[in-house]
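Trainee: The sequence shown begins at 1 in full-length UniProt numbering and counts up by one. Cβ coordinates follow ideal geometry from the N, Cα and C atoms, glycine included. Take this structure, written in structure tokens, and hold onto it; I'll ask about it next.
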Amino acid sequence: MVDPTSAPASGPVATRGPTPSEDAEVLSGYYWQMTLIRLFEQRAAEMYTKAKIGGYCHLNLGEEATVVGLMAALRPTDYLFTTYREHGYALARGAEPARVMAELFGRATGLSGGRGGSMHLFDTQHRLLGGYGIVGGQIPPATGAALAVAYRHEPGRDCDAVMCLLGDAATNIGAFHESLNLAAVWRLPIVYVIVNNQLGMGTPVEAAAGEPELYRRGCSYRIPGQRVDGNDVIAVREAAREALDKARTEHQPMLLETVSYRLRGHSVVDPARYRSDADNQRLRELDPLPAFRARLIDEGALDAQDAARIDAEAEQTVAAAVDAADHAPAPDVDSLFDHVYATPVANTYRGRPGDPVVTP
């Protein structure tokens, strides 16, 4: 597996952010978000085994530092497109945990009204424009959104930016390269972030990519790239801020690769037998959450009592989210065909299975 702190053959690698100069309240806020995501995902896995959550379910366990660092770099007016592994991004972007959990439960109070489930969270309030269930399916729409932003941009005013998340395996599909090419030609304000957890389902990056240093894949389109230690929340935030700044001020598309490790299988039902015991032990030692907790305590930004309080508050928040989701109503059957089209379409059939066929 890739060591994210090892410098690639060319190009900088960002690691180990300067926490002593950081505000303690900001750092404790990052720890709160990372803890919330960890506990939320653990409860989501539990609820899946209890059949409260259906369909597919992919967790951010082990990627919390990447999630929080990326979201901390965004402005409220920026747009975010994600993969189907997006629960943590919705939480860090500001979505209410109860609404995120309700969507996983398929309830009417969920972010997508119970229609999207785990892989299709959507929140216009926070400009989260979707989790996408198809590998790489978010890349062309995100590029189109960046085109719209550039088209609407008024000279002399600050430009919004688009952040498009994708997994390591998505760099092998045609839409990735087509989108990067258009972004370069049109000078779009977009940052493509490759969340490299080093496995495309169960296949190591090195076995699937002719160029496993994925940040280099923008070179053909003259898109600058950088690899960053995805286990370091501060390093991720700073690298993302730098990339977003270039996208806004220069309309320079950017490519950022964050290297981390997912602690579980590809999805909740994946036992991850492709990992050895030694791999699993190494991942536990690299777990970003306890490492960040220890680091903050060691540097005086947090004490053990405050950390325990944050842990307890996050646990209570997640428990309340599960309870609220469990008691929320399911979508009304009569709303089954709502939101199928953006605008009304004449003669749309709204019958349900078992309804009598009505002829003119």
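Quick check on this structure: which residue in Ala272, Ala102, Gly131 and Lys52 has the alpha carbon closest to the alpha carbon of Tyr79?
Mentor: Stepping through the sequence shown from its first residue, residue 79 is reached at position 79. When each option's Cα is compared against that of Tyr79, the closest is Gly131.
Trainee: Which one or two residues does DSSP pair with Pro204 in a beta bridge?
Mentor: Position 204 of the sequence shown, counted from the start, is the residue given in the question as residue 204. DSSP lists Leu199 as partners of Pro204.
Trainee: Looking at the secondary structure, which residues open and close the beta strand (DSSP E) in which Asp298 lies?
Mentor: The residue labelled residue 298 in the question sits at position 298 within the sequence shown. Asp298 -> not in any beta strand (DSSP E); alpha helix (DSSP H) instead, spanning Pro288 to Asp298.
Trainee: Just how far apart, CA to CA, sit Pro344 and Glu285?
Mentor: Along the sequence shown, one-based indexing puts residue 344 at 344. Along the sequence shown, one-based indexing puts residue 285 at 285. Approximately 54 Å between the Cα atoms of the pair.
Trainee: Excluding the 5 residues flanking Ala301 on each side, which residues of the same chain have their C-beta closer than 6 Å to its C-beta?
Mentor: Numbered from its first residue, the sequence shown carries residue 301 at position 301. Excluding positions up to five away in sequence, the list reads Ala24 and Leu27.
Trainee: When the Cα atoms are used, what is the spatial distance from Met47 to Glu64?
Mentor: In the sequence shown, the residue the question calls residue 47 occupies position 47. In the sequence shown, the residue the question calls residue 64 occupies position 64. Using only the alpha carbons, I get a separation of about 20 Å.
Trainee: Out of Ala51, Thr171, Leu296 and Met163, which has the shortest C-alpha to C-alpha gap to Asn197?
Mentor: On the sequence shown, position 197 is the one that residue 197 refers to. Ranking Ala51, Thr171, Leu296 and Met163 by Cα distance to Asn197 puts Thr171 first.
Trainee: Among Leu165, Glu238, Ala183 and Leu263, whose alpha-carbon lies nearest the alpha-carbon of Val193?
Mentor: Indexing the sequence shown from 1 puts residue 193 at position 193. Closest by alpha carbon: Leu165.
Trainee: Report the option in Arg75, Asp158 and Asp338 whose CA atom is closest to the CA atom of Ser112.
Mentor: Residue numbering aside, residue 112 sits at position 112 when the sequence shown is read from its first letter. The shortest Cα separation from Ser112 among Arg75, Asp158 and Asp338 belongs to Asp338.
Trainee: Tell whether a beta-carbon distance below 8 Å holds between Gly62 and Leu283.
Mentor: Counting from 1 along the sequence shown, the entry for residue 62 is found at position 62. Counting from 1 along the sequence shown, the entry for residue 283 is found at position 283. Cβ distance < 8 Å, so Gly62 and Leu283 count as in contact.
Trainee: Which residues in the same chain as Arg99 place their Cβ atom closer than 7 Å to its Cβ, once the five residues preceding and following it in sequence are excluded?
Mentor: Here residue 99 corresponds to residue number 99 of the sequence shown, with the count starting at 1. Contacts found: Thr109, Gly110 and Leu111.
Trainee: Strictly by DSSP, which residues pair up with Gly131?
Mentor: Against the sequence shown, residue 131 aligns to sequence position 131. DSSP lists Thr82 as partners of Gly131.
Trainee: So within the segment 129-187, which uninterrupted alpha helix (DSSP H) runs reach at least 4 residues, ignoring any that extend past its ends?
Mentor: 139-152 and 174-186
Trainee: Taking the C-alpha atoms as reference points, what is the distance between Phe40 and Val259?
Mentor: Position 40 of the sequence shown holds residue 40. Position 259 of the sequence shown holds residue 259. For Phe40 and Val259, the distance between alpha carbons rounds to 22 Å.
Trainee: Considering only C-alpha positions, which residue in the set Leu59, Gln33, Gly117 and His120 is nearest to Val269?
Mentor: If you number the sequence shown from 1, residue 269 lands on position 269. Taking only the C-alpha atoms, the option nearest Val269 is Leu59.
Trainee: Mind checking whether Ile134 and Leu180 have CB atoms under 8 Å apart?
Mentor: Locating residue 134 in the sequence shown gives position 134, where the first residue counts as 1. Locating residue 180 in the sequence shown gives position 180, where the first residue counts as 1. No, Cβ-Cβ distance for Ile134 and Leu180 is not below 8 Å.
Trainee: Which residue's Cα is closest to the Cα of Leu182: Pro353, Thr35 and Ala142?
Mentor: Here residue 182 refers to the residue found at position 182 of the sequence shown. Ranking the options by Cα distance to Leu182, first place goes to Ala142.
Trainee: What ranges does the beta strand (DSSP E) occupy inside the segment 252-278, keeping only unbroken runs of at least 3 residues that lie completely in it?
Mentor: 254-259
Trainee: Rounded to whole angstroms, what's the CA-CA distance from Ala175 to Gln138? Just pull it up for me.
Mentor: Locating residue 175 in the sequence shown gives position 175, counting from the first residue. Locating residue 138 in the sequence shown gives position 138, counting from the first residue. Each residue's alpha carbon lies about 9 Å from the other.
Trainee: Can you check which of these residues, Gly136, Ala73 and Ala51, is closest to Gly106 by C-alpha distance?
Mentor: Here the question's residue 106 lines up with position 106 in the sequence shown. Considering only alpha carbons, the answer is Ala51.
Trainee: Would you give the residue range spanned by the alpha helix (DSSP H) that Gly29 belongs to?
Mentor: The count along the sequence shown starts at 1 and reaches residue 29 at position 29. Residues Ala24 to Thr49.
Trainee: Measure from the alpha carbon of Val162 to the alpha carbon of each residue in Ala294, Ala150 and Gly351, then state which is nearest.
Mentor: Position 162 of the sequence shown holds residue 162. Cα-wise, what sits closest to Val162 is Ala150.
Trainee: For Arg264, which residues from the same chain have a beta carbon less than 8 Å from its beta carbon, with the 5 sequence-adjacent residues on both sides left out?
Mentor: Taking the sequence shown and counting its residues from 1, the one referred to as residue 264 is at position 264. Contacts found: Ala45, Leu59, Leu61, Gly62, Asp270 and Ala272.
Trainee: Look at Gly167 and Val195 and say whether their C-beta atoms are less than 8 Å apart.
Mentor: Position 167 of the sequence shown, counted from the first residue, corresponds to residue 167. Position 195 of the sequence shown, counted from the first residue, corresponds to residue 195. Going by C-beta atoms, Gly167 is nearer than 8 Å to Val195.
Trainee: Taking the beta carbon of Leu74 as the centre, do at least 16 other beta carbons fall within 10 Å, making it buried, or is it exposed?
Mentor: As a working note, residue 74 is residue 74 in the sequence shown. Result: buried.
Trainee: Use the C-beta contact count for Leu289: other C-beta atoms within 10 angstroms, 16 or more gives buried, fewer gives exposed.
Mentor: If you number the sequence shown from 1, residue 289 lands on position 289. Buried.
Trainee: With a 10 Å radius around its C-beta and 16 neighbouring C-beta atoms as the bar for buried, classify Asn347 as buried or exposed.
Mentor: As a working note, residue 347 is residue 347 in the sequence shown. By the neighbour-count rule (16 or more Cβ atoms within 10 Å), Asn347 is not buried but exposed.
Trainee: Would you tell me roughly how many angstroms separate the C-alpha atoms of Gln252 and Tyr215, rounded to the nearest one?
Mentor: By one-based count along the sequence shown, residue 252 stands at place 252. By one-based count along the sequence shown, residue 215 stands at place 215. Distance between the alpha carbons of Gln252 and Tyr215: 15 Å.
Trainee: Taking DSSP as the reference, what is the three-state secondary structure of Gly106?
Mentor: Taking the first residue of the sequence shown as position 1, residue 106 is located at position 106. In this structure, Gly106 counts as coil in the three-state DSSP scheme.
Trainee: Going by beta carbon distance, what residues of the same chain come within less than 6 Å of Val185, once the five residues before and after it are set aside?
Mentor: The residue labelled residue 185 in the question sits at position 185 within the sequence shown. Apart from the 5 residues on each side of it in sequence, Val185 has no Cβ closer than 6 Å to any other Cβ in its chain.
Trainee: Can you tell me whether Arg43 is buried or exposed, with buried defined as 16 or more other CB within 10 angstroms of its CB?
Mentor: Counting from 1 along the sequence shown, the entry for residue 43 is found at position 43. Label assigned to Arg43: buried.
Trainee: Between the C-alpha atoms of Asp158 and Thr249, what's the straight-line distance to the nearest angstrom?
Mentor: In the sequence shown, counting from the first residue as 1, residue 158 sits at position 158. In the sequence shown, counting from the first residue as 1, residue 249 sits at position 249. If you draw a straight line from the Cα of Asp158 to the Cα of Thr249, it is about 7 Å long.
Trainee: Can you grab the Cα-Cα spacing for the pair Thr82 / Leu128, in whole Å?
Mentor: For this step, residue 82 is matched to residue 82 along the sequence shown. For this step, residue 128 is matched to residue 128 along the sequence shown. Computed Cα separation, rounded: 8 Å.
Trainee: Tell me the DSSP secondary structure of Val236 in three-state form.
Mentor: Locating residue 236 in the sequence shown gives position 236, where the first residue counts as 1. Looking at Val236 - three-state DSSP - the assignment turns out to be helix.
Trainee: Report the rounded CA-to-CA distance for Ala328 versus Ile53, giving the unit in angstroms.
Mentor: Along the sequence shown, one-based indexing puts residue 328 at 328. Along the sequence shown, one-based indexing puts residue 53 at 53. Approximately 13 Å between the Cα atoms of the pair.
Trainee: Roughly how many whole angstroms lie between the Cα atoms of Val340 and Gly144?
Mentor: Within the sequence shown, the letter at position 340 stands for residue 340. Within the sequence shown, the letter at position 144 stands for residue 144. Cα-Cα distance, rounded: 21 Å.
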